[in-house]
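The structure under discussion appears below in the form of structure tokens.
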Amino acid sequence: MIESLEAKSLSQYETLQQILSAGFQFGGSFALWRKPHSSELELTFDDQKEVRRIDLNLEESKAGFIIHPFEDQEDQKAFFIEAKEYFKIPLEKQNEPVQLPDWMQQFNQTLDKKEIIQAFYLKSQQAGSSEHDGTSKTKFLNLVEKSISAIQEGYLEKVVPARTKILPIPEDFDLAKSLLSLLKSYPNSFVNFFHLPGIGTWMGASPEILIETKEDWFYTMSLAGTQPAKGENPLKAAAWTQKEIEEQALVSRYIVDCFKKIRLREYEEHGPKTVLAGNLLHLRSDFRVNMKETNFPQLGSVMLQLLHPTSAVCGMPRKEAHDFLKNYEGFDRKFFAGFIGPVNIEKKTSIFVNLRTASFSDQFITLYAGAGVTEDSDPEKEWEETELKCNIIGKFIQKPQL
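Numbering (the UniProt record's numbering), first residue to last: 1 to 402.
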């Protein structure tokens, strides 16, 4: 059932509260998201009590929302929220009220903000703060130094160590308020929230498309390099170091190498250019392929499996970088640096790398961030970069602004 809603009765904040209440009472999985530069919030609900898992064959998949961990799965499957119910809410008018679909009326009890938090505490069983206390600065600096040594020895070309930061959820935390604030603050990012019963509850604002397919076109990007956005015109004020330029070029070369593996020569490459993602700047190159002209209708699925995990979240060479992280990083990334997004919704698939993200559990939130390390990296600066990235979501837990 797919429908576009007209604004009628509830404010955006009240609407989001009611959607979250209905989602947790619905009993299954649900997700909501807003694509970059979009003026619509999209939502999908799946009433199946047991969480679904599907093969990574996007072209044959039903409509829904895919969620895949950082680690490859032995059975090559991903979690999936089938679009048993799907609808959209307009966001372009801040105070315009919204009419929710009829099926939601059975959930006429709107949970207050404390009850919503209690609902996903009870339903989310994933490990969180009980597993670790977050990554200490000393441990992360040591990991970066180990990474630099591995690169200098010729074992790695680049590696992307990650860390966690754990925050207590404030007593007055309001999930609807945090999500609405996130939507308003990051118009260029893929803002998302998803809940898989017994698996996890996450929210985030990712700047990076992994793959996108629409009609006859395939699209991907290489995104790397990070610096704070400063001044009235941060795009013009940006100055990139050789280390950051090379880091981004490595990701672009990785994508081109994937094209070469499948003997695909006809592609467009544009960039790199400086792009804004919230309060951070990155370097980005864009790649496009006409799937009809290249006679490659299954390119989305093929490139998804070749690209993940990208060198931007793992490193190069991929296997050696992955093995290094598994040996030394010291925590389970779970869905961080995996991929998420809508599949075959209105004949379009948009899958993003799950960055700038956080998971909820046991009255704590776990923030995740990584930093691209090359031979020229400074451990202290890499720590500062992860702090900036953690703050993207962390500030919306502690002090959301409407």
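Every residue gets a Cβ at the ideal spot worked out from N, C-alpha and C, and that includes glycine.
Pick from the options that is closest to residue i, judged by C-alpha positions
i	options	result
residue 275	202, 253, 134 and 189	189
residue 303	104, 161, 153 and 262	262
residue 68	378, 387, 103 and 334	334
residue 398	79, 249, 321 and 178	178
residue 211	305, 296 and 282	305
residue 209	352, 154 and 48	352
residue 259	89, 300 and 245	300
residue 156	323, 140, 342 and 389	323
residue 79	291, 140 and 28	28
residue 26	47, 14 and 17	47
residue 174	17, 159 and 341	17
residue 170	371, 58, 308 and 364	364
residue 64	22, 45 and 355	45
residue 411	183, 71 and 81	Residue coverage of the chain in this structure runs from 1 to 402, which leaves residue 411 outside it and unanswerable.
residue 356	278, 249, 59 and 136	278
residue 346	181, 83 and 358	83
residue 317	40, 58 and 159	159
residue 153	379, 195, 375 and 387	375
residue 390	287, 359 and 320	359
residue 201	321, 266, 172 and 20	20
residue 219	66, 366 and 270	270
residue 236	310, 273, 387 and 168	273
residue 284	221, 136 and 66	221
residue 215	289, 327, 227 and 43	289
residue 217	150, 293, 40 and 354	293
residue 344	62, 249, 354 and 196	62
residue 207	102, 224 and 199	224
residue 331	101, 70, 241 and 286	70
residue 185	280, 88, 367 and 312	280
residue 58	367, 387, 362 and 340	340
Endpoints, the beta strand (DSSP E) within which residue i is located
i	result
residue 473	Any property of residue 473 remains undetermined from this structure, which presents the chain solely from 1 to 402.
residue 379	Element bounds for residue 379: not the beta strand (DSSP E) but the alpha helix (DSSP H), 379-398.
residue 161	Unbroken run through residue 161: none, as it is neither H nor E.
residue 277	268-277
Terminal residues of the alpha helix (DSSP H) in which residue i lies
i	result
residue 318	318-328
residue 246	242-261
residue 138	137-152
residue 302	299-307
Bridge partners - residue i, DSSP secondary structure assignment
i	result
residue 293	BP columns for residue 293 are empty, so no partner.
residue 348	214 and 345
residue 366	166 and 359
residue 313	Bridge partners of residue 313: none, in fact.
residue 288	219 and 268
residue 77	55
residue 339	68 and 353
residue 100	DSSP, once it has assigned bridges, lists no residue as partnering residue 100.
residue 281	227 and 276
Chain B contact for residue i (CB, 7 Å cutoff)
i	result
residue 201	Included in the structure is just one protein chain, with no chain B present.
- Given 8 Å, three or more beta-carbon pairs between the segment 75-92 and the segment 44-61: yes
Could you tell me which uninterrupted beta strand (DSSP E) segments, each at least 3 residues in length, are contained entirely in the segment 8-73, listed from first to last along the chain? 29-34, 40-46, 52-55 and 64-68
* Asked: Touching or not, the segment 229-241 and the segment 251-269, by the rule of three or more beta carbon pairs under 8 Å?
  -> no
Please confirm if the segment 375-395 is in contact with the segment 342-350, defined as three or more CB-CB distances below 8 Å between the two stretches.
no
Is there contact between the segment 152-166 and the segment 289-299, where contact requires at least three CB pairs shorter than 8 Å? no
| request: Please go through the segment 167-240 and give each complete beta strand (DSSP E) segment of 3 or more residues, from N-terminal end onward. | output: 190-196, 200-206, 209-214 and 217-228
Would you call the segment 29-42 and the segment 182-202 in contact, with 3 or more CB pairs under 8 Å?
-> yes
Practice prompt. Flag this pair as touching only if the segment 369-379 and the segment 141-153 have three or more C-beta atom pairs under 8 Å; answer yes or no.
Written response: yes
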